[in-house]
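**Q** First the structure, then my questions, so here it is.
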Amino acid sequence: MNVDYQDLTKRIAALTEGETDEVALMATLACEIHHADDRFDWTGFYRVTEPELLKIGPYQGGHGCLVIPFSRGVCGAAAREGRTQLVPDVEAFPGHIACASSTRSELVIPVYAQRGLIAVLDIDSDQPDAFTEADAAALEAILKNVFGHL
Ligand code: SME
1 MNVDYQDLTK RIAALTEGET DEVALMATLA CEIHHADDRF DWTGFYRVTE
51 PELLKIGPYQ GGHGCLVIPF SRGVCGAAAR EGRTQLVPDV EAFPGHIACA
101 SSTRSELVIP VYAQRGLIAV LDIDSDQPDA FTEADAAALE AILKNVFGHL
């Protein structure tokens with residue numbers, strides 16, 4: 001089953017309306033996004049907790065590494081560059097951090113609030129080349145709707 005982004009966007013807007021707690025919002029998004037699509041095998045947030053450092057936030061799936069410096073991995077690259085990273089083959093990405101050896105492709109999107117970068121959303125797939133530019137654009141829009149005004 002592939003996600004219906006129109007439906008997902010509406011559902012998330014309804015569920016998160018009026019909520020401003022970042023962890024409550026991240027937990028709700030991780031759950032809703034993860035269960036919306038069979039391609040998504042790990043879905044979660046890494047939060048910026050101090051300069052140049054990401055720590056695990058709410059997620060769905062198997063165990064995720066607790067700490068990722070900005071200098072490492074796909075998540076670090078997204079945080080460092082402030083740009084979405086669409087990685088069709090994780091083995092070809094220098095410095096990729098393998099939390100699960102089954103992961104083949106990955107999509108990481110920076111999350112911005114009014115004060116700047118607060119987190120990244122990481123989605124991992126066990127399928128190679130699982131993600132498209134359309135996935136990136138739809139998820140970027142959802143994150144902007146939910147966190148952009150905080
Ligand atoms: N693969 C990520 C690390 C996080 S986990 O896969 C949950 C990376 O290289 O940043």
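Position 114 of the sequence shown, counting from 1, maps to 114 under full-length UniProt numbering, and the rest follow consecutively.
C-beta atoms are modelled at their ideal positions from N, C-alpha and C, and glycine is treated no differently.
#1: Hey, would you say Phe45 sits closer than 7 Å to Leu121, going by beta carbons?
#2: Can you check whether the CB of Asp135 is closer than 7 Å to the CB of Pro88?
#3: One question on the structure: do His34 and Thr28 come within less than 7 Å of each other, judged by their Cβ atoms?
#4: Taking 6 Å as the cut-off, does the CB of His63 come closer than this to any heavy atom belonging to ligand 1?
#5: For Ile97, which residues in the same chain have their Cβ closer than 7 Å to its Cβ, ignoring the five residues on either side in sequence?
#6: Would Pro110 pass as a contact of Gly82 if the rule is Cβ separation under 7 Å?
#7: Please confirm whether any heavy atom of ligand 1 lies closer than 6 Å to the CB of Asp124.
#8: Quick check: does the Cβ of Val67 come within less than 6 Å of any heavy atom belonging to ligand 1?
**A** Walking through what the data contain:
#1: Within the sequence shown, residue 45 is the residue found at index 45, counting from 1. Within the sequence shown, residue 121 is the residue found at index 121, counting from 1. For Phe45 and Leu121, yes; Cβs fall inside 7 Å.
#2: Along the sequence shown, read from residue 1 onward, the residue named residue 88 stands at position 88. Along the sequence shown, read from residue 1 onward, the residue named residue 135 stands at position 135. In this structure, Asp135 does not lie closer than 7 Å to Pro88 by Cβ.
#3: As a first step, residue 34 is located in the sequence shown; it is residue number 34 there, counting from the start. As a first step, residue 28 is located in the sequence shown; it is residue number 28 there, counting from the start. Not closer than 7 Å, so no.
#4: Here residue 63 refers to the residue found at position 63 of the sequence shown. Because no heavy atom of ligand 1 lies under 6 Å away, the Cβ of His63 does not count as near it: no.
#5: Residue mapping note: residue 97 aligns to position 97 of the sequence shown, counting from 1. Counting only Cβ-Cβ distances below 7 Å, and skipping sequence neighbours, we find Cys65, Ile68, Arg72, Gly73.
#6: Here the question's residue 110 lines up with position 110 in the sequence shown. Here the question's residue 82 lines up with position 82 in the sequence shown. Contact flag set, yes.
#7: Locating residue 124 in the sequence shown gives position 124, counting from the first residue. Yes, since a heavy atom of ligand 1 falls inside the 6 Å radius drawn around the Cβ of Asp124.
#8: Walking along the sequence shown from the start, residue 67 turns up at place 67. False, no ligand heavy atom lies under 6 Å from that Cβ.
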